[in-house]
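Visitor:
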Amino acid sequence: MAPELLPPPSPVNPAAPAPAAPRLSLFRYNAEQLAVADLDPAADFRESRPRHQVTWINVDGAQDPDLVARLGRAFDLHPLVLEDLVHTHQRPKIEDYDDYLFIVLKMLSWDAEASLIRSEQVGLVVGRNYVLSFQEADGRDVFGPVRERLRGGKGLMRRAGTDYLAYALLDAVVDNYFTILEELGERVESLEDRLIADPRPEMVPEIHHLRRETIYLRRSVWPFREVAAWLERGESRLIHKATRVYLRDLYDHTVRAMEATESLRETLAALMELYLTGISNRLNGVMKILTIIATIFIPLTFLAGLWGMNFTHMPELDEPWGYPAALGLMLGLGLTMALLFKRKKWW
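Dropping the structure here:
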């Protein structure tokens with residue numbers, strides 16, 4: 103008997119805005135046949151239970167508790183799974199419920215207008231003959247390549263089971279991480295070039311912004327690596343041995359994404375040090391010029407002070423050439439010191 107599905111408190115997210123009407127799509131297939139349809143959110147999903155074919159139901163707008171509850175009843179899902187599907191702030195994880203696997207991950211997209219990463223929770227329920235995918239919102243779907251492969255009917259996609267379909271969906275999410283990394287990498291390279299050419303104070307907020315986005319990406323990728331490692335070990339009877347080699351590749355991609363994220367974070371830390379070094383060098387340059395100017399004026403100040411003493415007998419004061427000679431001596435001494443510093447390349 104299926105457990106009671108919505109125990110108090112019911113899986114409703116009170117902080118979430120009113121969700122848009124959910125959209126459901128169905129792919130049912132085997133090696134020879136493929137059926138594609140849009141499902142009515144008010145339909146009886148028990149009729150969608152698979153028999154001898156793989157069934158994939160994708161839900162866009164998984165914050166509708168009534169829809170999630172009816173899907174839970176149709177596929178005998180645990181109440182905790184339903185609660186995690188509706189509360190869309192879960193950490194990426196995987197849970198084994200014997201008859202199915204429950205996977206939570208973050209699907210990311212780059213908002214070019216706001217220059218930041220948008221995040222959306224994706225939940226996967228992987229059973230023996232079915233896969234349910236729950237997306238938080240519509241419009242940032244990365245599963246298009248998977249649908250095209252199913253329609254094309256080439257490769258293992260239509261011949262393999264639900265474990266391979268789950269791998270394909272997870273791989274699409276990880277591949278999108280590299281799209282985010284490429285965008286961040288281009289911005290970091292551009293910032294580095296500008297920083298080397300002319301470090302400016304307004305570059306500091308840009309460095310902190312990119313660093314914050316990189317840390318956010320890392321927080322999404324790091325726990326997903328644990329999910330990929332668990333799947334690659336094949337600890338569930340739903341994971342076939344033939345699929346583990348693909349899951350190993352998924353794990354490698356996740357590790358590469360993690361390493362690239364760490365590299366970006368280290369580069370941004372180095373850019374901050376580069377900025378501080380550039381500002382320090384610029385300040386040192388200003389101080390060097392001021393020091394040279396002050397050094398040139400030291401003997402001039404000495405001479406001015408010497409001739410400014412109020413002694414009665416100072417022979418050069420009574421000579422008509424005294425004033426021009428004093429100015430000439432000061433000018434010559436200053437130019438000599440300036441040329442000396444220039445020759446030593448101190449300025």
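First residue of the sequence shown: 103, per our numbering; consecutive thereafter. For each residue, glycine too, the CB sits at the ideal point set by N, CA and C. Every value quoted in this text rests on a predicted model; they were computed, and no experiment measured them.
State yes or no: is the C-beta of Leu-319 within less than 7 Å of the C-beta of Leu-333?
Guide: no
Visitor: Quick one, are the C-beta atoms of Arg-220 and Pro-325 less than 7 Å apart?
Guide: Pro-325 is positioned such that its CB atom lies no closer than 7 Å to that of Arg-220.
Visitor: Thinking C-alpha only, which one of His-191, Thr-438, Phe-204 is nearest Arg-230?
Guide: Phe-204
Visitor: If distances are taken between C-alpha atoms only, which option among Ala-133, Val-170, His-180, Gly-163 comes closest to Thr-157?
Guide: The shortest Cα separation from Thr-157 among Ala-133, Val-170, His-180, Gly-163 belongs to Ala-133.
Visitor: Pick out the complete alpha helix (DSSP H) segments inside the region 257-312, 4 residues or longer, and give them in chain order.
Guide: 264-299
Visitor: So the beta strand (DSSP E) Glu-197 belongs to, where does it begin and stop?
Guide: Element bounds for Glu-197: 195-198.
Visitor: Measure the beta-carbon distance from Leu-141 to Ser-127 and round it to whole angstroms, keeping in mind my assumption that it falls under 8 Å.
Guide: 7 Å
Visitor: Going residue by residue through the region 148-184, where are the continuous beta strand (DSSP E) segments of at least 3 residues, counting only ones entirely within it?
Guide: 156-162
Visitor: Based on the DSSP output, what are the partners of Tyr-487 in its beta bridges?
Guide: What the structure shows of the chain is the stretch from 103 to 449, and residue 487 is not part of that stretch, so it cannot be assessed.
Visitor: With a Cβ-Cβ cutoff of 7 Å, do Leu-352 and Leu-272 count as a contact?
Guide: yes
Visitor: Count the CB pairs spanning the region 181-200 and the region 258-270 that are closer than 8 Å, and state whether there are at least three.
Guide: Under the 8 Å Cβ criterion, the region 181-200 does not count as touching the region 258-270, having fewer than three qualifying pairs.
Visitor: Return the residue from the list Ile-282, Leu-226, Arg-314, Arg-253 that minimises the CA-CA distance to Asp-265.
Guide: Leu-226
Visitor: Mind pulling the alpha helix (DSSP H) runs of 4 or more residues that sit fully within the region 304-355?
Guide: 305-335
Visitor: Touch check for the region 420-429 and the region 368-378: three-plus C-beta pairs under 8 Å?
Guide: no
Visitor: In terms of residue numbering, what span does the alpha helix (DSSP H) encompassing Gly-424 cover?
Guide: 424-445
Visitor: Taking the DSSP output, what are the residues bridged to Tyr-377?
Guide: For Tyr-377, which the question treats as bridged, DSSP gives no partner whatsoever.
Visitor: Between which two residues does the alpha helix (DSSP H) containing Gly-246 stretch?
Guide: 246-254
Visitor: For Gly-434 and Leu-441, I'd like the C-alpha separation in whole angstroms.
Guide: 10 Å
Visitor: Could you pull out every residue in the same chain whose Cβ sits closer than 8 Å to the Cβ of Arg-253, ignoring the five residues on either side in sequence?
Guide: Apart from the 5 residues on each side of it in sequence, Arg-253 sits with its Cβ closer than 8 Å to the Cβ of Leu-136, Val-138 in its chain, given in chain order.
Visitor: If you reduce the DSSP assignment to three classes, tell me which class Ser-365 lands in.
Guide: helix
Visitor: Could you name the residues of the same chain whose beta carbon sits closer than 7 Å to that of Arg-289, not counting the 5 residues immediately before and after it, in chain order?
Guide: Leu-312
Visitor: For His-342, collect the residues of the same chain with a Cβ closer than 7 Å to its Cβ; drop the 5 residues on either side in sequence, then sort them by chain order.
Guide: Gly-263, Asp-265
Visitor: Leaving out the 5 sequence neighbours to the left and right, which residues in its chain are closer than 8 Å to Phe-245 when beta-carbon positions are compared?
Guide: Asn-160, Ser-235, Leu-271, Ala-274
Visitor: Quick one: using the 10 Å Cβ neighbour count with 16 as the cut-off for buried, is Thr-403 buried or exposed?
Guide: Taking all protein chains in view, the Cβ of Thr-403 is surrounded by fewer than 16 other Cβ atoms within 10 Å, so the residue is classified as exposed.
Visitor: Which two residues bound the contiguous beta strand (DSSP E) that contains Gln-237?
Guide: 232-237
Visitor: Give me, in chain order, the residues of the same chain whose beta-carbon lies closer than 6 Å to that of Glu-285; leave out the 5 immediate sequence neighbours on both sides.
Guide: Listed in chain order, the non-local C-beta contacts of Glu-285 below 6 Å within the same chain comprise Trp-212, local neighbours out to five positions each way being set aside.
Visitor: Would Met-432 and Leu-408 be called neighbours here (beta carbons separated by less than 7 Å)?
Guide: no
Visitor: Where does Met-209 sit, in a helix, a strand or coil, going by DSSP?
Guide: DSSP places Met-209 in strand when its eight states are reduced to three.
Visitor: Express the C-alpha separation of Val-276 and Val-248 in angstroms, rounding to a whole number.
Guide: 13 Å
Visitor: For Ser-221, name the three-state secondary structure that DSSP assigns.
Guide: In the structure shown, Ser-221 sits in a strand (DSSP, three-state: E or B).
Visitor: Compute the distance between the beta-carbons of Ala-176 and Phe-147, then report whether it is under 7 Å.
Guide: yes
Visitor: Look at the alpha carbon of Pro-124 and the alpha carbon of Val-224, and state the distance between them as a whole number of angstroms.
Guide: 14 Å
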